Every structure is written in structure tokens, then in C-alpha cells.
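Enquirer: Below is the structure I would like to discuss, written out as C-alpha cells.
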Amino acid sequence: MSVAHNSISKGRAPSRSGDLDIRKRAIAVGIGNFMEWFDFAIYGYFAGVIGALFFPSTAAGVSLLSSLAVFAVGFVSRPLGALILGPLGDRLGRRAVLIVTVFGMGICTTIIGLLPPYSAIGIAAPILLIALRFIQGMMVGGEWSSAGIYIVESAPNDRRATAASVITGTAGLAFLFGTFTAALLSSGLTDAQLTAWGWRIPFVISIVMTGVAVFIRRKLGDTPVYEELVKQRALMKLAAPTPAAKRNAFITTYAFSALFGVSLYYFITYANNHLVTAVGLPKSKALWLCSIALVVYCIVNPLIGRLSDAIGRRKLLLFAAAGLTVMAYPIFWMLNSGDTALIVTALLVFGILVAITAVMDVVLLVEVFPASIRSTGAALGHNLALATLAGPGPFIAAALIKATGDPNIPALYLMAVSALCLVVLLVMLPETKDNNISQY
Numbered sequence: 001m002s003v004a005h006n007s008i009s010k011g012r013a014p015s016r017s018g019d020l021d022i023r024k025r026a027i028a029v030g031i032g033n034f035m036e037w038f039d040f041a042i043y044g045y046f047a048g049v050i051g052a053l054f055f056p057s058t059a060a061g062v063s064l065l066s067s068l069a070v071f072a073v074g075f076v077s078r079p080l081g082a083l084i085l086g087p088l089g090d091r092l093g094r095r096a097v098l099i100v101t102v103f104g105m106g107i108c109t110t111i112i113g114l115l116p117p118y119s120a121i122g123i124a125a126p127i128l129l130i131a132l133r134f135i136q137g138m139m140v141g142g143e144w145s146s147a148g149i150y151i152v153e154s155a156p157n158d159r160r161a162t163a164a165s166v167i168t169g170t171a172g173l174a175f176l177f178g179t180f181t182a183a184l185l186s187s188g189l190t191d192a193q194l195t196a197w198g199w200r201i202p203f204v205i206s207i208v209m210t211g212v213a214v215f216i217r218r219k220l221g222d223t224p225v226y227e228e229l230v231k232q233r234a235l236m237k238l239a240a241p242t243p244a245a246k247r248n249a250f251i252t253t254y255a256f257s258a259l260f261g262v263s264l265y266y267f268i269t270y271a272n273n274h275l276v277t278a279v280g281l282p283k284s285k286a287l288w289l290c291s292i293a294l295v296v297y298c299i300v301n302p303l304i305g306r307l308s309d310a311i312g313r314r315k316l317l318l319f320a321a322a323g324l325t326v327m328a329y330p331i332f333w334m335l336n337s338g339d340t341a342l343i344v345t346a347l348l349v350f351g352i353l354v355a356i357t358a359v360m361d362v363v364l365l366v367e368v369f370p371a372s373i374r375s376t377g378a379a380l381g382h383n384l385a386l387a388t389l390a391g392p393g394p395f396i397a398a399a400l401i402k403a404t405g406d407p408n409i410p411a412l413y414l415m416a417v418s419a420l421c422l423v424v425l426l427v428m429l430p431e432t433k434d435n436n437i438s439q440y
């Protein structure tokens, strides 16, 4: 048994060699995670341009709604990816899934950047775009939970949430870099240039990051917890979890993943589009304001991880669920004011609450499931929540405004989901900080 695994099992600080191994794993997983979420983010940032090119329409708002619907397609396919990649992670190892997901995501992103528009190849353009987004969704369906499981299973007991913040933090950096890239292109190019070829640049260059990420992940070993699981499986010492335990873990996972997913994609994907289409801000200004909030989001992730390692998961997650329920309407009221200071305040409050749900999501995906079904259970629970509630969120928000003309009404969806999740978590979520994640 490795030094790192001894540290994990007994909850001690790792030795120097174990600490270096953990840092190496964190860097390797973080780089791949950054690349994968950058690929996913840039679609959201260029949703308006993509909608006009692949779903042309003279009716106001229809092209944007169509492109956001395709964004949701990437979530519909997540459960399928979870069904395939989750069991793969339990049978062949966490590392195997990480290699497949980063490669598949990168290739699809590059091809999207090379796709001819509707004006060139007609209906084939949106069909190909939908197919590629479907495959991307499958890859992301395995990435988030697998990366989280890998890094948390490699961490000491008293630093599991801090380790989880590597996943959420690098994803935040990817969205930040995506926002910065979109803002830079929007500021430096004319609308005609951006539509003609500018939006394609980040999609095509992702092939370089894909190569780097695959190379790095191939060098990884598997987690100490999984290596011990393999030994126990060979000795036929694994006891199957009870149906009740599986059901409770799944319901709880669905709730905290829905809370995280809906709030994240409101914050990451929808907010900048709302500031442009509903509030009337220039696209470049909206992107820069969102960038400020993303910087704070990235900074607070490791701080939240450390706080959770000290006080636990339950209190923080319930606080975030209550905060999102109460603050949803005030956040949209401030966004819709058009006042820069109020918009930044709204985005900062929103970002901090989302960051809490993000870090708790990753660490809880590991702590609520036994090791033998962790990859499958975490992937399915997480991705079903994102497919059914989070993925359609930006589309629902835009559709609600189009139907009612009220720019504050998207808050109702965020408020309703947050309140429902708060009730479920209040009743069903135990404190898991001291759970033995090596239990099979």
C-alpha cells in the first residue's frame, strides 16, 4: 500500500513523497479539467453568434433560443455518458475515464470550430452541430464526477474539500479564460469579423490543449482507493450496498447537483447573455463584468474548501441553498437596474453562493457513495440532475422573458429549484466530513 494511501486511510498529513504525489495528481487532473470546461464554456459565450449562423431566423430572439436549446442538448446526453463512463470508472479505473473524456471533448470542440454555417450546407449544419454537442455532453457526463473522484480519493481525509476545490477552481478558471477570450475577440473585432471567423478561433485552438491534456493524463496512476478496491474485488470481499442506501445516496446527489447545476449555468452561461439581450449592455461590457465576478469565484473556491474541511459540508450547503432561494429575485433586480455597481454586487453575491455549491458538489459526490459503486452512482445522480434541471435553465430563463416580457422572471426558476433542494437536503443530507471513503 502506498504512502499516500496510508495517509488517506488514517487521516494523517501525508509524507513529503506522498504530498508531492498528490500535487502531481492535482496538477494533471486540473489541467485536463481546465481544458475540458474551457471547451464547454466557449459555446455558451458565443451562443448568439452560433445561433445566427446555424439557426438563422428573422423572428427576434429565435436564433438565440435555438442555440441555447442546443446548449441543453449537451446536458440531455450526459446521463448516457454517465451510463457508459460511470461503470467504466468502477471496472477499469478512474484514470481510464479521464483519458477518454478529455480526448472526446477536445476533438468535438475542434470540429465545431470548422463546421460550415447554414448558408453553406443548409440543414446539415445544425444537424452536425447537434450531433457534436451530444457527444460533448456524453464526455462531460463522465468528466466532472470522475475528475472529482480521482482528486478526492487521492487526498488526505482532512483535506478532501480543499482537494475538491481544484476541480471547481480550474473549471472556474476555464470559464474565466473563456470569458476573457470572448471579451477580447468582441472588443478587438468588428461584428462582421466575429461572425465570419473570429468565434471559431478558440474552438480550433483547443486541439492543442487536448493533446497536452491527454499526454499528461496518460502518465497518471490510479487512485489509492481504487487500487485497494481492485485487491478486495479479487479476494471477493466486497459486500453490495443495500437498495435503501443506494436510493438515499441517489436522491441526495440529485438534490445537491441540481442546486449546483442550475445556479452555475445561470451564473456562467446565462448572466452575460441576459445583460446583453434583456438589460441592453454592450456584449464586451457584459463579458468584462462577468469576468470580475469569475475572478472572485475562482479565488473563493479553495477558501471554501478549507472552511468545509474545518466545519463540515452540511452547514455550508444548506446556507448556500437558503441564500440562493432568498437572493434570487434581488440578484435579478440588481442585474436589471443597469447600474454597473449594482450589477457587480449581484454577480459577486451570486458567484460566492455558486462557489459553495460547486465545492460541496464535488466532495459530496465522493463521500455519499461507497467506493465500489462510486463512479457509477456519482455520474448518474449528478448528470440526471444537470440534464433535467440545469441544462435547460438558460433556455427556460430566456423563454420566460420572451413569453412575459418581465426581465426579473428568470429568478423564479432559480428560486423554485433552490427551495426544493433546500427541503430535500435539510431532511436527507447527513454530515459526511468524517466518512470513510475507502469503505467498499
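Each residue of the sequence shown is one higher than the one before, starting from 1 at the first, in the numbering used here.
Each residue gets a CB set at the ideal place from its N, CA and C atoms; glycine is no exception.
All values derive from a computational prediction rather than experimental measurement.
(1) Taking only the alpha-carbon atoms, compute the straight-line gap between S145 and S284 and give it to the nearest angstrom.
(2) Determine the contact status of S291 and T179, defining contact as a CB-CB distance below 8 Å.
(3) Helix, strand or coil: how does DSSP classify E143 here?
(4) Looking at the structure shown, is F55 part of a helix, part of a strand, or coil, going by DSSP?
(5) Is there contact here, the stretch 196-205 with the stretch 41-52, by at least three beta-carbon pairs under 8 Å?
(6) The ligand FMN and A213: does any heavy atom of the ligand fall closer than 7 Å to the residue's C-beta?
(7) Are the beta-carbon atoms of I437 and V366 separated by less than 8 Å?
(8) If I follow the unbroken alpha helix (DSSP H) through Y118, where does it start and stop?
(9) If I measure Cβ to Cβ from T101 and keep anything under 6 Å in the same chain, skipping five residues before and after, which residues do I get?
(10) In terms of residues, what are the limits of the alpha helix (DSSP H) holding F175?
(11) Would you check if the distance between the CB atom of R95 and the CB atom of R217 is smaller than 8 Å?
(12) Inspect the CB distances between the stretch 224-235 and the stretch 345-356 and report whether three or more fall short of 8 Å.
(13) Compare the Cα-Cα distances from L294 to each of I135, L348, R133 and L53 and report the closest residue.
(14) Buried or exposed: where does H5 fall if 16 or more other Cβ atoms within 10 Å of its Cβ makes it buried?
(15) So, helix, strand or coil for S473, using DSSP?
(16) For T345, which residues of its own chain have a beta-carbon under 7 Å away from its beta-carbon, when the five flanking residues on both sides are left out?
(17) How is P407 classed by DSSP in three states: helix, strand or coil?
(18) So, is P202 buried or exposed, given that buried needs 16 or more other C-beta atoms within 10 angstroms?
(19) Does I130 come within less than 8 Å of chain D when only Cβ atoms are used?
(20) Locate the alpha helix (DSSP H) running through W333, then write down its first and last residues.
(21) Just the C-alpha distance for P117 and Y329, rounded to the nearest angstrom, thanks.
(22) Looking at the unbroken alpha helix (DSSP H) that takes in Y301, where does it start and where does it end?
(23) Helix, strand or coil: how does DSSP classify F267 here?
Expert: So, from the data block:
(1) One-based indexing of the sequence shown puts residue 145 at position 145. One-based indexing of the sequence shown puts residue 284 at position 284. C-alpha of S145 to C-alpha of S284: approximately 33 Å in a straight line.
(2) One-based indexing of the sequence shown puts residue 291 at position 291. One-based indexing of the sequence shown puts residue 179 at position 179. Less than 8 Å separates the beta-carbon of S291 from that of T179.
(3) Taking the sequence shown and counting its residues from 1, one reaches residue 143 at position 143. Correct three-state label for E143: helix.
(4) As a first step, residue 55 must be located in the sequence shown, where it is residue number 55. F55: coil per DSSP, three-state reduction.
(5) yes
(6) This structure does not include the ligand FMN; it has no bound ligands of any sort.
(7) Residue mapping note: residue 437 aligns to position 437 of the sequence shown, counting from 1. Residue mapping note: residue 366 aligns to position 366 of the sequence shown, counting from 1. Yes, these two residues count as a Cβ contact at 8 Å.
(8) The count along the sequence shown starts at 1 and reaches residue 118 at position 118. Looking at the DSSP string, the run of the alpha helix (DSSP H) that includes Y118 is Y118 to I121.
(9) Translated into positions along the sequence shown, residue 101 becomes position 101. Closer than 6 Å at Cβ, skipping near neighbours: M139, G142 and E143.
(10) Position 175 of the sequence shown, counting from 1, holds the residue named residue 175. Here the alpha helix (DSSP H) through F175 covers R160 to G188.
(11) Numbered from 1 along the sequence shown, position 95 holds the residue referred to as residue 95. Numbered from 1 along the sequence shown, position 217 holds the residue referred to as residue 217. Yes, the Cβ-Cβ distance between R95 and R217 is below 8 Å.
(12) no
(13) For this step, residue 294 is matched to residue 294 along the sequence shown. Checking every option, the nearest Cα to that of L294 belongs to L348.
(14) For the purposes of this step, residue 5 is identified with residue 5 of the sequence shown, where counting begins at 1. Low per-residue confidence applies at H5: pLDDT is 40, beneath 50, and the placement is therefore not dependable enough to give any value.
(15) Residue 473 lies beyond the range of the chain shown here (1 to 440); nothing can be said about it.
(16) The residue given as residue 345 occupies position 345 in the sequence shown. Correct list, in chain order: M334.
(17) Within the sequence shown, numbered from 1, the residue matching residue 407 stands at position 407. Coil.
(18) Position 202 of the sequence shown, counted from the first residue, corresponds to residue 202. Buried, by the Cβ-count rule.
(19) This model lacks chain D altogether, as it is built from one protein chain only.
(20) Working through the sequence shown from its first residue, we reach residue 333 at position 333. W333 -> alpha helix (DSSP H) spans R314 to N336.
(21) As a working mapping, residue 117 is identified with position 117 in the sequence shown. As a working mapping, residue 329 is identified with position 329 in the sequence shown. If I take the Cα positions, the gap works out to 38 Å.
(22) Stepping through the sequence shown from its first residue, residue 301 is reached at position 301. Per the sequence shown, the amino acid found at residue 301 is Asn instead of Tyr. Element bounds for N301: K283 to I311.
(23) The count along the sequence shown starts at 1 and reaches residue 267 at position 267. Note: F267 maps to helix in three-state DSSP.
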